[in-house]
Amino acid sequence: SHAKEILHCLKEKYFKELQDLEVDGQKVEMPQSLSWYPEELAWHTNLSRKILRKSPQLEKFHQFLVSETECGNISRQEAVSMIPPLLLNVNPHHKILDMCAAPGSKTAQLIEMLHADMNVPFPKGFVIANDVDNKRCYLLVHQAKRLNSPCIMVVNHDASSIPNLQIDVNGRKEVLFYDRILCDVPCSGDGTMRKNIDVWKKWTTQNSLQLHGLQLRIATRGVEQLAEGGRMVYSTCSLNPIENEAVIASLLEKSQGALELADVSSELPGLKRMPGITNWKVMLKDGQWFEEWKDVPSNRQTQIRPTMFPVKDEEKLKAMNLERCLRILPHHQNTGGFFVAVLIKKSPMPWNKRQPKVHQKLPQRTGDTDVTAPNSDNGSECIAVEPALAENEESKKVQELQNSDTEQSKKEGVCGPPPSKKMKLFGFKEDPFVFLPEDDPLFLPIQKFYALDPSFPKMNLLTRTQEGKKRQLYMVSEELRNVLLNNSEKMKVINTGIKVWSRNSDGEQFGCAFRLAQEGIYTLYPFIHARIIDVCIEDVKILLTQENPFLSKFSSETQKKVRDMAMGSIVLKYNPDPEKPDELQCPIVLCGWQGKTSLRAFVPKNERLHYLRMMGVEVFKAKRKEEEESESKTEEEVQHRLAQTEEGMDVEEHNLVTKMEAEIGEESSHSPVESNAMEVENKMEDLDQSSKTVNSHVSQESKDTDTSNVKD
């Protein structure tokens, strides 16, 4: 809902300041909006990263971009990689799977589409974002967390064998089929030749020959899990037909009419595109060319597979409509190179035809139907195999015991990590996801204190600890709860849920041990009926610019409302006035704390800056020279560390880093921000001391928000 305000701010303030600006003797080109992206929500700049970081004239613009990116209001992304989510045509009720999701820019677009209507706190749909690389999954969590959605789950699996998930539909177990699937597969990346110098050094025809099989397996697994009538977008940042049209043609051929390529020529007007190609040759590393599979010598038939060649049958080829694929060429609109194909599923895949019957025959048994993915090498199809029946009484007893165990954990609402026998655990060991029992005594004081609406879905509250004090409460949508409870055995969940409450020791004396968390306030707000203070724009400015302002600084109306309210966590709400168009025109909801003589907001630094910018307050602070030097050093270190990670940092080392960061997060959450707020209130005579304490709390809060991104 803030996008329009940010756009207005960009156009009216930051872009105007770039006009007639010269950097190193060159005139700065004005950023341009991408003509094909809806509602002017995507912009392109020719400023290089180096110039943007190092030029004093651009410092204000750079700070704006960094700060808004951290808040999740802006994402930096290659222009062409924005296309696949747009072609998925996502609606808020869609169940979406992102198969190869890291680093998460496209996932962020999908989440944004789910929340098209900000007045609906829990859309019916959700995004399950998967990646095979455990380290990159945490990058994905960081990206997704910025958007504060209760409808995203990050999982860690090999996309080519991602398990069938089950959901409970009116007390009956059913296989989860997705309405939309994004299949942005690993590729040779030769379309990135403009920005990636390595492509020129390392490119060989071998890359695509090695990746073709994996790409086909991932795409096949995707269409198996797609619902009838659903859409799957297959994309690569490569221009090689072996990775593109060959995969799509092979998929269409073995689908026997179950799939068709959608005609998207009328979608995204303004995007220059080329049609898919229908004819190509296959080349070996040594320069040998082959036009047909039969020409390949037997000693080369492991490297080159039949699915890599174009279809020779004219009728079959015409029916495939390969020209409906999109090829984006770099020189057409100054972008990277890209390939996109949009597939629609009309009926079950031929090798899955018996699937529904199998599920009806097997009521509740451990080990659900294994659907074997067709072998990508020879295109042969495998029929779904029923699990072998228990041969003797002993194995039946074992099965019953396993069943009772899983049923018991479901009753308790615990979704622990999968047993190591069934799945090899790699990377950081995750804490379990424990749903709050219906009769949990923890919830009653919360419900009473905030006067929560009877419709509040308390069953969707979860914690990450089974023993000891619950420090944080998270929230997921009802649909994701269903997925979590029914699949904890077969799925490695890295992260899900949005933080809504944090434990605060001072709160207990006022009737509630949990304070509201800013991350989840837009989700919670519709259900809260008490402890809400409507504030005017001047009050909001005071709250966001001063650390612990006295009540006397606020408007008389606010002071009056506060006097009638008990101390503790509160909601501060700003409603725009349509009769004052010069003022901020989008609503703001902030978490705060009311003390004896003061009122303060608990909002992370970058989010504070965001709101102040939207209100026209100048937040830019020029850096001092020493700061600049230290920052460039830390930037270099970060770049070096990132490069290390990319090249394959040891898993042990990564675990150590993540554990350390997790412990910092744990520490900061153990010492809540407000722990001494009351003491400060009661000792007003020692004002100096109080301001120091408050500042230390603020730094603690920012530490908390930073580390929570690593592993919450």
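Residue numbers (UniProt numbering): 1 to 712.
Yeah, the Cβ is synthetic: ideal placement off N, Cα and C, and Gly gets one too.
The region 52 to 67 / the region 205 to 225 touching (three or more Cβ pairs under 8 Å): no
Q256 burial status per 10 Å Cβ neighbour count (16 or more: buried): Counting from one through the sequence shown, the residue named residue 256 turns up at place 256. Exposed is the call here.
Residues of its chain near H93, where Cβ-Cβ distance is below 6 Å and the 5 sequence neighbours each way are ignored: Looking up residue 93 in the sequence shown gives position 93. K124 and G125, listed in sequence order.
When M565, I532, F554 and F527 are compared against V540, the one with the closest alpha-carbon: Against the sequence shown, residue 540 aligns to sequence position 540. Answer by Cα proximity: F554.
Cβ-Cβ separation, D131 to Q108 (assumed contact under 8 Å), whole Å: Counting from one through the sequence shown, the residue named residue 108 turns up at place 108. Counting from one through the sequence shown, the residue named residue 131 turns up at place 131. A quick correction: the sequence has Ala, not Gln, at residue 108. Not a contact, Cβ separation roughly 14 Å.
8 Å Cβ cutoff met for W36 and P330: Sequence index remark: in the sequence shown, residue 36 carries index 36 (1-based). Sequence index remark: in the sequence shown, residue 330 carries index 330 (1-based). In this structure, P330 does not lie closer than 8 Å to W36 by Cβ.
Chain D within 8 Å of N460, Cβ atoms only: The structure shown contains no chain D; it holds only a single protein chain.
8 Å Cβ cutoff met for C237 and G276: Locating residue 237 in the sequence shown gives position 237, where the first residue counts as 1. Locating residue 276 in the sequence shown gives position 276, where the first residue counts as 1. No, the Cβ-Cβ distance between C237 and G276 is not below 8 Å.
Residues sharing a beta bridge with S569, DSSP: Position 569 of the sequence shown, counted from the first residue, corresponds to residue 569. According to DSSP, S569 bridges with W593.
Neighbour-count burial assignment, T465, 16 or more Cβ in a 10 Å radius: Within the sequence shown, the letter at position 465 stands for residue 465. When all chains shown are included, T465 counts as exposed.
Other residues of its chain near R180: CB distance less than 7 Å, five sequence neighbours each side excluded: As a first step, residue 180 must be located in the sequence shown, where it is residue number 180. Taken in chain order, the residues that qualify are L88, V90, H94, I96, G230 and R231.
Extent of the continuous beta strand (DSSP E) run through residue 756: This structure gives no information on residue 756, because the portion of the chain shown stretches from 1 to 712.
R503 to E12 span [Cα, whole Å]: Indexing the sequence shown from 1 puts residue 503 at position 503. Indexing the sequence shown from 1 puts residue 12 at position 12. Between R503 and E12, the C-alpha separation is close to 42 Å.
C-alpha distance - C512 paired with I533, whole-angstrom precision: What you label residue 512 is simply residue 512 of the sequence shown in a count that begins at 1. What you label residue 533 is simply residue 533 of the sequence shown in a count that begins at 1. Computed Cα separation, rounded: 18 Å.
DSSP-derived helix/strand/coil call for T69: Taking the sequence shown and counting its residues from 1, the one referred to as residue 69 is at position 69. Helix.
Rounded straight-line distance, which links the Cα of V185 to that of F177: Start at 1 with the first residue of the sequence shown, and residue 177 comes out as number 177. Start at 1 with the first residue of the sequence shown, and residue 185 comes out as number 185. Straight-line Cα distance between these residues: approximately 20 Å.
Cβ contact (3+ pairs, closer than 8 Å) linking the region 519 to 537 and the region 445 to 462: yes
Simplified DSSP assignment, three categories, for Y522: Locating residue 522 in the sequence shown gives position 522, counting from the first residue. Here Y522 sits in helix by DSSP.
Residues of its chain near I152, where Cβ-Cβ distance is below 6 Å and the 5 sequence neighbours each way are ignored: By 1-based counting over the sequence shown, the position of residue 152 is 152. Within the same chain, I152 has close Cβ partners I111, V127 and A144.
Euclidean distance between Cα positions of E78 and W200: Mapped onto the sequence shown, residue 78 falls at position 78. Mapped onto the sequence shown, residue 200 falls at position 200. So the two alpha carbons sit approximately 19 Å from each other.
DSSP-derived helix/strand/coil call for D198: Taking the sequence shown and counting its residues from 1, the one referred to as residue 198 is at position 198. In this structure, D198 counts as helix in the three-state DSSP scheme.
Reduced DSSP secondary structure (H/G/I, E/B, other) of E467: Taking the sequence shown and counting its residues from 1, one reaches residue 467 at position 467. It is coil, neither helix nor strand.
Residue burial classification, R194 (beta-carbon count within 10 angstroms, cutoff 16): By 1-based counting over the sequence shown, the position of residue 194 is 194. The residue in question, R194, is exposed, as its Cβ has fewer than 16 Cβ neighbours within 10 Å.
Cβ-Cβ distance between M475 and I498 below 8 Å: Position 475 of the sequence shown holds residue 475. Position 498 of the sequence shown holds residue 498. For M475 and I498, yes; Cβs fall inside 8 Å.
Residue burial classification, Q301 (beta-carbon count within 10 angstroms, cutoff 16): Reading the sequence shown from its first residue, position 301 is the one you call residue 301. Exposed is the call here.
CA-to-CA distance, I242 to P310, given in whole angstroms: Working through the sequence shown from its first residue, we reach residue 310 at position 310. Working through the sequence shown from its first residue, we reach residue 242 at position 242. Whole-angstrom Cα-Cα distance: 9 Å.
Y450, enclosing alpha helix (DSSP H) - first and last residue: In the sequence shown, residue 450 corresponds to position 450, counting from 1. Here the alpha helix (DSSP H) through Y450 covers F443 to Y450.
N-terminal and C-terminal residue of the alpha helix (DSSP H) that D539 is part of: Counting from 1 along the sequence shown, the entry for residue 539 is found at position 539. Unbroken alpha helix (DSSP H) run through D539: I537 to T545.
Range covered by the alpha helix (DSSP H) that runs through Q143: Here the question's residue 143 lines up with position 143 in the sequence shown. Q143 -> alpha helix (DSSP H) spans N134 to K145.
Distance between L140 and V223 (C-alpha atoms, nearest Å): Start at 1 with the first residue of the sequence shown, and residue 223 comes out as number 223. Start at 1 with the first residue of the sequence shown, and residue 140 comes out as number 140. Taking the straight line joining both Cα atoms gives about 23 Å.
Pick from Q303, P437 and P150 that is closest to K285, judged by C-alpha positions: Your numbering for residue 285 matches position 285 in the sequence shown. Selected option, being the one with the closest Cα: Q303.
Cut-off 7 Å between Cβ atoms - residues of its own chain near D117, not counting five sequence neighbours on either side: Position 117 of the sequence shown holds residue 117. Excluding residues within five positions, the ones whose Cβ falls inside 7 Å are P92.
K346 beta carbon less than 8 Å from that of residue 742: What is shown of the chain runs 1 to 712, which leaves residue 742 out entirely.
Contacts around I274, its chain only, beta-carbon distance under 7 Å, and the 5 residues preceding and following it disregarded: Taking the sequence shown and counting its residues from 1, one reaches residue 274 at position 274. Reading off the sequence shown, one finds Met at residue 274, where the question assumed Ile. R327 and L329.
Option nearest Q206 by Cα separation, candidates E618, E314 and G189: One-based indexing of the sequence shown puts residue 206 at position 206. The candidate whose alpha carbon is nearest that of Q206 is G189.
Residue from R471, R481 and C187 with nearest C-alpha to G337: Residue mapping note: residue 337 aligns to position 337 of the sequence shown, counting from 1. For G337, the nearest C-alpha among the options comes from C187.
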